[in-house]
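Count the sequence shown with this note's numbering and you get residues 345 to 495, in order.
The next block holds one structure in the form of C-alpha cells; read it before the comments.
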Amino acid sequence: SAHAPALASARAPASATALSGGFSNPTEHGGPASWTMKDGRHVRLLARVASNGSNVTDAVVKSAIEWSAWEYLRCYERAFGTLKDQPEGVIVVDYEIIDQLPRHAKLKSSTFKNAAIDSCVVGTLVGHTINAAGPNGRGPASHAFRFVPMN
C-alpha cells in the first residue's frame, strides 16, 4: 500500500503488548500500529473485540476489522492532527455481520465527543469485509479502538 511507510511495524517488547482493558496491537501488524502525522508527531492504535454475539470466531472478526489499521489512524489525524494537545480516547462501534460484511454499524460510545473522528471510525469499519466469515457467518458484534498520542 502507498501508506505502508507511515506505519511502524517493529515488534514491541512483551511488556508493551500486555495492555489493560483487553486491548492489543491490530492483528495485521504483529507489533504496534502507529501513524506519523504531518507535523512529525505519532499516534498509536490499539483494538479489541468488545463483544461478539455472532457465530464467527473472535480471531476472524478481529483480523477483518483491524485490517488496514492506518485507515483508523488517519481518522485521528483528520480530527486532531493540528491540535497542540492531542487527546487519548476510546471509540466503540456496534455492527451486524451479514453476508460477509459489517452492516448497520453505529457508534456505541466515544470518549472523544468529536463527531469527525466518531463518524470516520464508523465509516472505516463499514468499509471492511469479513470474507473469512463465510456465507453463513452472522450476528451482532462490537469493536473498540483506543487511540494513544505518542508525543
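Glycine residues also receive a C-beta, built at the ideal position from the N, C-alpha and C atoms.
Every value quoted in this text rests on a predicted model; they were computed, and no experiment measured them.
Contacting residues, own chain, Cβ-Cβ under 7 Å from P431 (five flanking each side not counted): F424 and F456
- Is it the case that the Cβ atoms of D462 and A449 are separated by a distance below 8 Å? no
Residues sharing a beta bridge with K457, DSSP: Answer is none; K457 lacks a bridge partner.
### Task
With a cut-off of 8 Å on the beta carbons, I'd call G433 and F367 a contact; round off their distance for me.
No, G433 and F367 are not in contact; Cβ-Cβ is about 12 Å, not under 8 Å.
Cβ neighbours of H386 in the same chain (closer than 8 Å, five flanking residues each side left out)
A352, S378, W379, T380, P493, M494 and N495
For this session: With DSSP as the reference, please indicate the residues paired to L469 in a beta bridge.
Result: In the DSSP output, where bridge partners are listed per residue, L469 has none listed.
Where R482 and N475 are concerned, what is the direct C-alpha to C-alpha distance, given to the nearest angstrom?
12 Å
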